[in-house]
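Chains as they are written, first to last, in this note's numbering: chain B, 17 to 184; chain Z, 17 to 184. Just below is one structure, and these are the notes that go with it.
2 protein chains.
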Amino acid sequence: MMCLSQTTGYAIQALACLETAGGQSCFIRDVADCTGMPKPYLARIINRLARQGIVSAKRGYRGGIVLNRAPGEICLLEVVEAVEGKDWIGPCMLGIKKCGGEFVCPVRDFWAGLCKQIEDKLSSTTLADVVSAIGPRPPHAARPANAHRREGGRSNCAPKPPKTKRRK
Amino acid sequence: MMCLSQTTGYAIQALACLETAGGQSCFIRDVADCTGMPKPYLARIINRLARQGIVSAKRGYRGGIVLNRAPGEICLLEVVEAVEGKDWIGPCMLGIKKCGGEFVCPVRDFWAGLCKQIEDKLSSTTLADVVSAIGPRPPHAARPANAHRREGGRSNCAPKPPKTKRRK
DNA sequence: TTTTTTGTTGACCCAAACGTCATGTTCTCC
DNA sequence: GGAGAACATGACGTTTGGGTCAACAAAAAA
Chain B
17 MMCLSQTTGY
27 AIQALACLET
37 AGGQSCFIRD
47 VADCTGMPKP
57 YLARIINRLA
67 RQGIVSAKRG
77 YRGGIVLNRA
87 PGEICLLEVV
97 EAVEGKDWIG
107 PCMLGIKKCG
117 GEFVCPVRDF
127 WAGLCKQIED
137 KLSSTTLADV
147 VSAIGPRPPH
157 AARPANAHRR
167 EGGRSNCAPK
177 PPKTKRRK
Chain Z
17 MMCLSQTTGY
27 AIQALACLET
37 AGGQSCFIRD
47 VADCTGMPKP
57 YLARIINRLA
67 RQGIVSAKRG
77 YRGGIVLNRA
87 PGEICLLEVV
97 EAVEGKDWIG
107 PCMLGIKKCG
117 GEFVCPVRDF
127 WAGLCKQIED
137 KLSSTTLADV
147 VSAIGPRPPH
157 AARPANAHRR
167 EGGRSNCAPK
177 PPKTKRRK
């Protein structure tokens with residue numbers, strides 16, 4: 017299949033889910049529930065994004081994942097490269113390894129043009145665009161920064177409140 | 017890697033190799049030698065092309081592979097589809113499976129435009145273009161149709177003469 | 001008819017992508 | 001400090017693309 021891997025798709029969806037939380041920290045568990053991806057696998061993907069500095073992960077009680085920058089400052093190109101590696105776009109569209117050496121395929125220039133377009137597009141598209149492309153979503157209100165427990169109007173991806181035994 | 021599979025690359029190179037034989041039948045062995053691909057694997061790929069009616073294979077002594085049509089009549093799109101299947105181009109560039117349903121990625125229209133371009137290009141590019149793109153090649157003369165044994169100026173991919181003990 | 005030469009096909013092997021599980025590590029709260 | 005809560009990670013399982021091998025089937029020569 018000529019497209020990016022499902023893993024990249026997971027990464028982008030997860031980041032979009034983080035964004036709908038409005039800058040608040042989310043749990044991997046909740047992102048997985050919200051998007052339907054397998055949680056253990058998602059954890060590994062998030063981990064890759066954390067190593068590349070796209071998100072920050074905090075362990076422990078009330079830990080979670082946060083976007084490191086504003087959604088409008090994170091372009092899809094860096095997400096793709098974080099997940100797929102630097103050379104994620106094939107040098108020859110037709111899958112010919114020696115293309116450019118002893119063999120030159122007839123669509124080489126055509127492909128080079130497309131690659132340019134694709135990279136430009138991914139550079140100019142940010143996470144903010146991802147969320148706005150989704151369009152009107154199920155009711156979701158960004159939480160104020162200090163709200164650690166809230167009852168309604170949460171993001172799909174917002175963390176469930178920790179099970180604190182409140183003493184009365 | 018965002019490109020077609022290596023198997024498709026093999027198929028195209030093999031067909032190009034067949035074309036340089038000038039409509040003559042070639043052995044899988046010779047195509048493999050000429051292009052450097054693994055022979056048993058090439059045999060399977062050729063077999064797929066034969067089932068799709070792109071080439072004809074003949075078994076037995078002085079058998080071999082022939083293009084079913086003129087190289088200018090075989091477009092790359094049908095080769096790609098023969099090898100990769102009908103849905104070789106991903107519906108979502110970003111690898112998001114549910115894109116188009118509950119989720120819509122921000123490059124969906126962009127990708128649709130690219131797909132159109134790619135399909136048009138592959139429809140209008142033929143095997144003849146593949147060979148002419150390779151450019152000036154090592155000395156190669158097409159053999160007349162009745163020449164079953166020849167000594168020099170053969171195609172890289174032309175069959176070696178069968179080991180007949182010629183009686184003098 | 002037998003032999004030789006070719007393509008065909010089922011079985012198997014390997015590595016990478018995708019996915020799961022259990023355990024370890026580092027947090028915060030009590 | 002102890003107990004949970006959360007992410008991190010090594011080990012493992014599954015699927016698929018790429019590749020190999022050997023037995024087989026067909027076709028022509030001898």
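Cβ coordinates follow ideal geometry from the N, Cα and C atoms, glycine included. Note that the structure is predicted; figures quoted are calculated from it, not measured.
Fill in: Residue range of the beta strand (DSSP E) that includes L83(Z)
For L83(Z), the enclosing beta strand (DSSP E) stretches over residues G80 to L83.
Practice prompt. For the stretch 115-131 of chain B, enumerate the residues whose C-beta is nearer than 7 Å to any C-beta of chain Z, in chain order.
Written response: Those would be F119, V120, C121, P122, V123, F126 and L130, in chain order.
Worksheet item: Exposed or buried, Y77(B), counting other C-beta atoms within 10 Å across all chains shown (16 or more means buried)?
Response: exposed
Item to complete: For the beta strand (DSSP E) containing V186(Z), list its first residue and its last residue.
Response: What the structure shows of chain Z is the stretch from 17 to 184, and residue 186(Z) is not part of that stretch, so it cannot be assessed.
Discussion item. Suppose you measure from the CA of L130(B) to the CA of L143(Z); what does that come to, to the nearest Å?
Written reply: 21 Å
Fill in: DSSP three-state assignment for I112(Z), whether helix, strand or coil
coil
Fill in: Same chain only: Cβ atoms within 8 Å of Y26(B), ignoring 5 sequence neighbours per side
T51, M53, Y57, L58 and I61
Discussion item. I want to see whether chain Z comes within less than 7 Å of M17(B), judged by CB atoms only; does it?
Written reply: yes
Worksheet item: For T142(Z), does the three-state DSSP call read helix, strand or coil?
Response: strand
Item to complete: May I ask you to list the residues that DSSP assigns as paired with M53(B)?
Response: For M53(B), which the question treats as bridged, DSSP gives no partner whatsoever.
Worksheet entry | Contact set between the stretch 93-108 of chain B and chain Z, restricted to residues whose Cβ is under 7 Å from the partner | W104, I105, G106 and C108
Practice prompt. Can you give me the start and stop residues for the alpha helix (DSSP H) that Q22(B) sits inside?
Written response: Unbroken alpha helix (DSSP H) run through Q22(B): Q22 to T36.
Worksheet item: Are the beta-carbon atoms of L93(Z) and L138(Z) separated by less than 7 Å?
Response: yes
Item to complete: Taking all protein chains shown into account, decide if D136(Z) is buried (16 or more other Cβ within 10 angstroms of its Cβ) or exposed.
Response: exposed
Worksheet item: Which chain Z residues sit within Cβ distance under 9 Å of S140(B)?
Response: Here the premise fails: no neighbours, minimum Cβ distance about 10 Å.
Item to complete: Measuring alpha carbon to alpha carbon, tell me which of R75(B), T141(B) and G101(B) ends up nearest L20(B).
Response: G101(B)
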